[in-house]
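Undergrad: The structure follows.
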Amino acid sequence: MTRPPSGMPPPTSATLDGEVIELMPLAEAVADRYFDEFPEDLERYGEAARPWEIHDTLHTFNWAILDVRGFTNLETNMLWLARVLVARDFPLEHLARNVELCADVVADERLATVLRAAVVSVRGYSPDD
Numbered sequence: 000m001t002r003p004p005s006g007m008p009p010p011t012s013a014t015l016d017g018e019v020i021e022l023m024p025l026a027e028a029v030a031d032r033y034f035d036e037f038p039e040d041l042e043r044y045g046e047a048a049r050p051w052e053i054h055d056t057l058h059t060f061n062w063a064i065l066d067v068r069g070f071t072n073l074e075t076n077m078l079w080l081a082r083v084l085v086a087r088d089f090p091l092e093h094l095a096r097n098v099e100l101c102a103d104v105v106a107d108e109r110l111a112t113v114l115r116a117a118v119v120s121v122r123g124y125s126p127d128d
């Protein structure tokens, strides 16, 4: 059985151009769309599925904002997450689709652009690299 998230909690808000962006509503919208497409993950991961989906999605949004602000690189962070999830036998295409859904729900085009670039990197990831 998969345990709920632990470790460093993700931020629930972030600042871009002086504006506070509430990340939780965005992550919840992504989770709803994600599980509409991948209901099998609810069965596979049980009660921990949605908390993990929201946890990782909150981090993804935060990394995207930090990327736009010049503090980190979203693609590097997503490739790290891809390595972790592939090692746990999580389908890489599900991660890529999740990041696409993130790009779909953000209003800021800069965020959407860095998220879509990260999708390409995730889809191009090979555990053998």
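Numbering (numbering that gives the first Met the number 0), first residue to last: 0 to 128.
Note that beta-carbon positions come from the ideal geometry of N, C-alpha and C, so glycine has one too.
Taking a contact to mean a Cβ-Cβ separation below 8 Å, would you say F60 touches L22 in this structure?
TA: The count along the sequence shown starts at 1 and reaches residue 60 at position 61. The count along the sequence shown starts at 1 and reaches residue 22 at position 23. Against a cut-off of 8 Å, the Cβ pair of L22 and F60 comes out as a contact.
Undergrad: For V29, I'd like the list of residues in its chain whose CB is within less than 7 Å of its CB, leaving aside the five on either flank, ordered along the chain.
TA: Here residue 29 is taken as the residue at index 30 of the sequence shown, counted from 1. Excluding residues within five positions, the ones whose Cβ falls inside 7 Å are T56, N97, L100, C101 and V104.
Undergrad: Among residues of its own chain, excluding the 5 on either side of W51, which ones have a beta-carbon nearer than 6 Å to its beta-carbon?
TA: Along the sequence shown, read from residue 1 onward, the residue named residue 51 stands at position 52. For W51, where only same-chain residues beyond five positions count, the Cβ hits under 6 Å are P4.
Undergrad: Look up T14 in the DSSP assignment and say whether it is helix, strand or coil.
TA: Numbered from its first residue, the sequence shown carries residue 14 at position 15. Here T14 sits in strand by DSSP.
Undergrad: Would you mind working out which of E108, A95, T11 and L114 sits nearest R122, comparing C-alpha positions?
TA: Numbered from 1 along the sequence shown, position 123 holds the residue referred to as residue 122. Selected option, being the one with the closest Cα: A95.
Undergrad: Going by alpha carbons, who is nearest to T112 out of L73, P90 and L84?
TA: In the sequence shown, the residue the question calls residue 112 occupies position 113. Ranking L73, P90 and L84 by Cα distance to T112 puts L73 first.
Undergrad: Using the Cβ count rule (16 or more neighbours within 10 Å means buried), how would you classify M7?
TA: What you label residue 7 is simply residue 8 of the sequence shown in a count that begins at 1. Result: exposed.
Undergrad: Determine the closest residue to W62 out of F37, F34, P9 and E18, with distance taken between C-alpha atoms.
TA: The residue labelled residue 62 in the question sits at position 63 within the sequence shown. Closest by alpha carbon: P9.
Undergrad: Within 10 angstroms of the Cβ of V118, are there 16 or more other Cβ atoms? Answer buried if so, exposed if not.
TA: Residue mapping note: residue 118 aligns to position 119 of the sequence shown, counting from 1. Classification for V118: buried.
Undergrad: Nearest by alpha-carbon distance to P126: which of T75, H54, V83 and I64 is it?
TA: Taking the first residue of the sequence shown as 1, we reach residue 126 at position 127. If we check each option's Cα against that of P126, V83 comes out closest.
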